[in-house]
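A.B. asks: In mature numbering (1 follows the signal peptide of the UniProt record, and there is no 0), the protein residues as written are -25 to -1, 1 to 142. Don't be surprised by glycine CBs; every beta carbon is placed ideally from N, CA and C. Dropping a structure here in C-alpha cells format, bear with me for questions.
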Amino acid sequence: MGCFSRCADLLLVLLQCYFIWSCVCVERHYCAAPITAESEGILKMTYDFTKENNPLFLARPRWLQIATCISAYGYAPFYAFFALCFLFKLNVIRLPALVFLGIKLNALVFYHIMEFTSDMPPPNLGAYWGVEGPYLLSIALILLRTVPGPPFETSASALEPNKEKTN
C-alpha cells in the first residue's frame, strides 16, 4: 500500500470521527428540539454559525428535522464502521461502503437541492461548503479506495511474487 493510500485512509478515519462528533453533539439535539440563542456550548456556536450562514437550518422545516434525525441515528453507526475499517485495514468495508455511499449521495443531493431552492438559501457559500465539503471529500476518498477493488492487501496477496520482477 502506497503512502497516498494510507494517508487517505487516516484522513478518512478523522473525517468519520468528525461526522460521529457532529451526529452526537449537534444533530441528535437538533432532532429532539430547536437549537436556540439560549443553547449552550457547541449548540450555541451552531446557532450563531447557522444564523449567519444557513438560515434554513434554524428555520427547522419538518423534512430537515427528519433528515437530521436519520443522519444522527442512522448514519452514525456507518461512520463508526468506516473509521474502524480504514483504521484497521478491513476489506469487509467495500460492499457496505458502496451501498451506503449511494444512500448518502441521494440524501446529499436532495438536501442541497432543497437548500438552494428554498426561500432561505445559504448567504455565505464559503462557510456553507466549509461545513458540507468534508462529506463530499469523504465520499470521493471512499470511492477512490473501494471502487477499484478491495482497498487493502490481504496476507496472501502481499506474499505473491511481483510478476513484473520475475520476468
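Count the C-beta pairs between the stretch 101 to 111 and the stretch 13 to 31 that are closer than 8 Å, then say yes if the count reaches three, no if not.
C.D. replies: yes
A.B. asks: Return the Cβ separation of residue 71 and residue 56 in integer angstroms, given the expectation that the two are a contact with Cβ distance under 8 Å.
C.D. replies: Between the beta-carbon of residue 71 and that of residue 56 there is about 7 Å, and that keeps the pair under the 8 Å contact cut.
A.B. asks: Could you say if the stretch 89 to 97 and the stretch 30 to 47 meet the contact criterion of at least three C-beta pairs nearer than 8 Å?
C.D. replies: yes
A.B. asks: When you compare the CB of residue 78 with every CB in chain C, is at least one pair closer than 8 Å?
C.D. replies: Reference to chain C is not applicable here, since this structure consists of a single protein chain.
A.B. asks: Could you check what DSSP says for residue 92 in three-state terms: helix, strand or coil?
C.D. replies: helix
A.B. asks: Taking residue 63 as the reference, which of 40, 51 and 127 has the closest Cα?
C.D. replies: 127
A.B. asks: According to the Cβ coordinates, are residue 121 and residue 73 closer than 8 Å?
C.D. replies: Cβ atoms of residue 121 and residue 73: closer than 8 Å.
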